[in-house]
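Residue 3 is where the sequence shown starts when you use my numbering, and the numbers rise one by one after that. Comments concern the structure below.
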Amino acid sequence: MKKSTFDLVPDLFESVKLGDVRLNGIPGSYAESCIRTRAYSDWARGRLYEEAANSFRTHWDDRNNSWQNEYWGKTMLCFAGAADYTGDAELKAWIVEKTHSFIDEFQQENGYLSTYSDENCLISSPENPDPRSHWGFNVWGRKYTLWALVEIYRVIGDKKCLDSAVKLTNHLIESLNRNGRDLHDTGAWHGISSASILSPLLALYRFTGKEAYLELAHQTVRRFDGNLNNPGEILRDAFRDEKICDWYPLATYWAKAYEIMSCLEGLLDYYRITGEKRVFDGVVAYYNHLESEELNAMRSVGYFDHFLNARQRLNGMSELCDVIYWIRLNHELLNLTGEARFADRIEEAFYNAFLAGVTRDGRWGAHIIKSHGTRHLEAPPQVGMIDHQCCPDNMMRGYFAFAESTAAISDDGTVSVFLYSDADAELRDARVRISGGYPWGDVPVVVTISRAEAGRVRFRIPEWSRTFSINNATVTSEDGWHIVDAPTGESTWTLRFNLEPRLVDHPCDNVEYPAPWPLRYDVNSIESYTTHFMTWKTPEMQGLQKLEPGSQVFRGPLVLAKGRLAGTSREETLFTRTVRGHGWSVSMMPVLPKVENAAVPRSWMLTLSREGVCRTFPVADFASLSNVYDPENWFSLWF
């Protein structure tokens, strides 16, 4: 299934287009709140937008080598996504008006468009041996500006946006050539931040066919697979046996999760265009490292915003941007390979880490999602801004990536149902409706498909329920898929999954000791770094850190948790001894949530039992119990 005439390697599936899918139920209500607040409110179209645009007037980044220049692009990417999702002509017209004014005011005649006044500022201090001096985000910010312009052109078809994107990219290539650099010689982290421009660069190549853009991509990918023994060679390193955190002399600096996953997404697009198998194999090899080493307790990847062997960290911390890009990476791999595990990772990341990190009104979100304690780390306004921060500015894209992962169609007309959240989707001549309140509800999932011609339907069987029933017939699967025939017209299937609770021991055997107070840490030590952030900006967390390995309880893809909003006592939530490895069994019964807590969709009374000893207490899903910024809101996913 080719994305364009420029692609040599087709996707196995054509995902549902964003404008052809609607999320319903709980995810749908959260997505609608986010879109309403961040795309339609007076705040979004006033203060939020104007502050992002104003950074191109103030050139604050000149003085601080910072990244105010990412916010206009991120903001407009979300506006463009909202216009795509809603199809709203008024919103599209507003986007075009604002973008035209932006281009007219800020893009120079030679194409330069940035918050940095010096067009030759590609890296802060290239001669300084300290890696942290290799800073500056001039190319990183232009990536997001380029991406927004390309997406606005894709969604709305505005030619001025495409022309601006071409001028911006032509100038970037000219300035790299004039200064004798490639992307890996610019920006931060040995060019990882700059090289993440691959995705919008290749999108622009597909729209224009300009070979210079593909040549820049070739040059960038060759450096990813170079032999200079520098930390930017992520494609070469992907085939190493050691853990990611052991690749670097300073992992707390180099192993940057959000930026690296941004590059991996771009590498998959490069593979589609070129067919270079080593590139695809390298991304999969890197992904396998992430799945085995970095899958954290919240079901995202990484610790804080680095790859630091997060699977072994009891006091889990995950950046919201990392969650979003983990979902996006899995979406791309799902379409290319058809492996069910990528859909498994998408849904568990979305229902747990992502929904834990977004506020219920859709306006703001967390910077860091924590596994337990009193609150996540609320995203603080960054780099001199008032209404902008890296993670909330990306937030809407998490909903959109999840929506686009709902279902897909193949060349032969086979409809694949990837996710079971309530949704409506259109795929060519097929209409798909999913209902049942999954994964919170007890009722079965009902999938109704209407199609003009007979064909097949592929249902994903989640890895936690390899046996399930469809229309009351038991089905088993080894590869995570079940295929049925669908006649012309409307057909309905009733799916029942095994939603019995699962008690799973955390793989960590270590004890984590908290950092001394006042907080200080050694940047050269991973353990010092991770223990430092256990209580960073949450002083009430002193004494509440997790010190010994525990177990988790899952219901379907949901991570369950104890917490104040479920009615679990503070003592039971934070201080009760863990049950890990001691032969406990788990069961639970649904209960009505507290009347004053309508934000928790379901509650259960969970019982842990062993040799006649029982412990019973209320629980709910981790996201609903924890996405409240309140130092008195205790929660924990550890049992």
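Even glycine gets a Cβ: it sits at the ideal position worked out from N, Cα and C. Model, not experiment: these values are computed from the prediction.
*Quickly, what does DSSP pair Lys564 with across the bridge? List them, please.*
In DSSP, Lys564 forms a bridge with Ser638.
*asked:* Relative to the C-alpha of Glu479, which candidate in Ser530, Phe499, Thr77, Asp227 has its C-alpha closest?
replied: Contrary to the premise, residue 479 reads as Ser rather than Glu in this sequence. Comparing Cα positions, the closest option is Phe499.
*Roughly how many angstroms lie between the CA atoms of Leu252 and Pro541, to the nearest whole one?*
Near 27 Å, if we compare the C-alpha coordinates of Pro541 and Leu252.
*Unbroken beta strand (DSSP E) runs of length 3 or more, entirely within the stretch 11-70: which are they?*
The stretch 11-70 contains these whole beta strand (DSSP E) runs: 23-25.
*Of the residues Pro394, Arg612, Ser553, which one's Cα is nearest the Cα of Val364?*
What sits at residue 364 in the sequence shown is Gly, not Val. Relative to the Cα of Gly364, the nearest Cα in the group Pro394, Arg612, Ser553 belongs to Pro394.
*Using the rule of at least 16 other Cβ atoms within 10 Å of the residue's Cβ for burial, across every protein chain shown, is Glu453 buried or exposed?*
The question names Glu, but residue 453 is Arg in the sequence shown. With 16 or more other Cβ atoms within 10 Å, it is buried.
*May I ask which residues mark the beginning and end of the alpha helix (DSSP H) holding Met78?*
Per DSSP, Met78 belongs to the alpha helix (DSSP H) from 72-88.
*Expected contact under 8 Å - CB spacing of Leu20 and Asp86 to nearest Å*: Indeed, because the Cβ distance is near 5 Å, the residues count as touching under 8 Å.
_By the DSSP assignment, the alpha helix (DSSP H) with Ser177 in it spans what residues?_
If you look at Ser177, you'll find it in the alpha helix (DSSP H) that goes 161-180.
*If you run the structure through DSSP and keep just helix, strand and coil, what is Gly268?*
Looking at Gly268 - three-state DSSP - the assignment turns out to be helix.
*If you run the structure through DSSP and keep just helix, strand and coil, what is His220?*
His220: helix per DSSP, three-state reduction.
*Let me know if Trp74 comes out buried or exposed under the rule of 16 or more other beta-carbons within 10 Å of its beta-carbon.*
Residue environment analysis places Trp74 among the buried positions, since at least 16 neighbouring C-beta atoms fall within 10 angstroms of its C-beta.
*asked:* As an exercise, report each continuous beta strand (DSSP E) stretch of at least 3 residues that is fully enclosed by the stretch 489-548, in chain order.
replied: Secondary structure remark: continuous beta strand (DSSP E) runs of at least 3 residues inside the stretch 489-548, in chain order: 491-498, 504-507.
*List the residues that DSSP assigns as beta-bridge partners of Ser471.*
By DSSP's assignment, Ser471 forms a beta bridge with Thr476, Arg498.
*Which residues DSSP lists as bridging Thr609, in chain order*: Per DSSP, Ser589, Thr618.
*Reference Ser177; option with closest CA among Leu218, Tyr531, Cys323, Glu341*: Answer by Cα proximity: Leu218.
*Would you kindly check if the distance between the Cβ of Ala368 and the Cβ of Val303 is under 8 Å?*
No.
*Count the other CB atoms, across all protein chains shown, that sit within 10 Å of the CB of Pro441; report buried if there are 16 or more and exposed otherwise.*
Buried, since its Cβ has 16 or more Cβ neighbours within 10 Å.
*Could you spell out where the beta strand (DSSP E) holding Ser320 opens and where it closes?*
Ser320 -> beta strand (DSSP E) spans 319-321.
*From what residue to what residue does the beta strand (DSSP E) around Ala427 run?*
First-last of the beta strand (DSSP E) with Ala427: 425-429.
*asked:* Rounded to the nearest angstrom, what separates Glu514 and Glu550 at their Cα positions?
replied: Using only the alpha carbons, I get a separation of about 7 Å.
*Give the straight-line distance between the Cα atoms of Leu379 and Ser103, rounded to the nearest whole angstrom.*
The C-alpha of Leu379 lies about 36 Å from the C-alpha of Ser103.
*Since Lys372 is in the beta strand (DSSP E), which residue starts that stretch and which ends it?*
Start and end: 368-372.
_Collapsed DSSP secondary structure at Val597 in the structure displayed_ = Residue placement at Val597 cannot be trusted, given a pLDDT of 47 that sits under 50; what the coordinates show is reported in the next sentence. Three-state result, Val597: coil.
*CB-CB under 8 Å to Val525, same chain, minus the five flanking residues each way: which ones, in chain order?*
These residues qualify, in order along the chain: Leu252, Thr254, Tyr255, Tyr531.
_Whole-angstrom distance between Gly138 and Gly189, CA atom to CA atom_ = Answer to the nearest angstrom: the Cα atoms are 5 Å apart.
*Alpha-carbon spacing of Glu465 relative to Gly113, whole angstroms*: Cα-Cα distance, rounded: 50 Å.
*Out of Asp239, Ile326, Thr578, state which residue places its alpha-carbon closest to the alpha-carbon of Asn2.*
The structure shown does not extend to residue 2, since the chain spans only 3 to 641, so no value can be given for it.
*asked:* In the DSSP assignment, the alpha helix (DSSP H) including Gly400 goes from what residue to what residue?
replied: Per DSSP, Gly400 belongs to the alpha helix (DSSP H) from 392-406.
*Look at the Cβ atom of Arg582, then the Cβ atom of Asp507, and state whether they are nearer than 8 Å.*
The beta carbons of Arg582 and Asp507 sit closer together than 8 Å.
*Locate the beta strand (DSSP E) running through Phe624, then write down its first and last residues.*
Here Phe624 belongs to no beta strand (DSSP E); instead the alpha helix (DSSP H) covers 624-628.
*Would you mind giving the Cβ-Cβ distance between Ser638 and Leu576, rounded to the nearest angstrom? I have them listed as a contact below 8 Å.*
Going by Cβ atoms, the distance from Ser638 to Leu576 rounds to 6 Å, so yes, they are a contact pair.
*Give the straight-line distance between the Cα atoms of Gln544 and Ala167, rounded to the nearest whole angstrom.*
Going from the Cα of Gln544 to the Cα of Ala167 covers about 49 Å.
_Assuming the contact rule is C-beta atoms closer than 8 Å, Arg678 and Leu610 should be a hit. Round their C-beta distance to whole Å, please._
What the structure shows of the chain is the stretch from 3 to 641, and residue 678 is not part of that stretch, so it cannot be assessed.
*Take Ala33 and list the residues in its own chain whose beta-carbon comes closer than 6 Å to its own, dropping the five residues that flank it on each side.*
Excluding sequence neighbours, Ala33 sits near Leu25, Tyr401.
*Kindly indicate the opening and closing residues of the beta strand (DSSP E) around Gly457.*
According to the DSSP assignment, Gly457 belongs to the beta strand (DSSP E) that extends over 457-462.
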